[in-house]
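Visitor:
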Amino acid sequence: GEVTFNEEGARRISTVTLLQYRSSGITGDVSEVKIAEYDIGNGDLVYLPEESNATVFPDGVTPDGTPRNVTVSFYLALVCYLLHHRWSRHCLHICLSNLQRQV
1 GEVTFNEEGA
11 RRISTVTLLQ
21 YRSSGITGDV
31 SEVKIAEYDI
41 GNGDLVYLPE
51 ESNATVFPDG
61 VTPDGTPRNV
71 TVSFYLALVC
81 YLLHHRWSRH
91 CLHICLSNLQ
101 RQV
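With the working numbering as the guide, the letters of the sequence shown map in order to residues 1 to 103.
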């Protein structure tokens, strides 16, 4: 778009429009799609209402190669280990038997 400056040489606009090139699945034609706006003043990236990470990165991988899918995990064995040292072997047995029922 048009870039304008004020008297001090600073840009008048504080947002940048982000575009993405997409090919249509049927014809294979490539078109330019407006996906988001970036606010330079506060550093916010705001997707347009019909866009999201899923539409912009359909395979879950950003252009820099960093997957957007996040896996959160924790280890129940650590909890059982702490119970064992804190109370008794009986607590460890209860913890493990409950874990086996849940799995």
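Beta carbons are placed, not taken as given, at the ideal position from N, Cα and C, and that holds for glycine.
#1: Mapping the DSSP letters down to three states, classify T17 as helix, strand or coil.
#2: Which first and last residues belong to the alpha helix (DSSP H) in which T55 is found?
#3: Since V30 and Q20 should fall inside the 8 Å C-beta cutoff, what is the C-beta to C-beta distance between them, to a whole number of angstroms?
#4: Please list, in chain order, all residues of the same chain as Y38 whose beta carbon is under 7 Å from its beta carbon, the five residues on each side excluded.
#5: Quick one: Cα of G43 to Cα of G25, how far?
#6: Which residues bound the beta strand (DSSP E) around D29?
Guide: Here's the rundown:
#1: Residue 17 sits at position 17 when you count from the first residue of the sequence shown. Strand.
#2: Sequence index remark: in the sequence shown, residue 55 carries index 55 (1-based). Here the alpha helix (DSSP H) through T55 covers 53-56.
#3: Numbered from 1 along the sequence shown, position 30 holds the residue referred to as residue 30. Numbered from 1 along the sequence shown, position 20 holds the residue referred to as residue 20. Their Cβ separation, rounded to whole angstroms, is 10 Å, which puts V30 and Q20 out of contact at 8 Å.
#4: Start at 1 with the first residue of the sequence shown, and residue 38 comes out as number 38. Excluding positions up to five away in sequence, the list reads T15, V16, L18, L45.
#5: To locate residue 43, count along the sequence shown from 1; it is residue 43. To locate residue 25, count along the sequence shown from 1; it is residue 25. Taking the straight line from one Cα to the other gives about 33 Å.
#6: Here residue 29 corresponds to residue number 29 of the sequence shown, with the count starting at 1. Looking at the DSSP string, D29 is not in any beta strand (DSSP E), and its letter there is neither H nor E.
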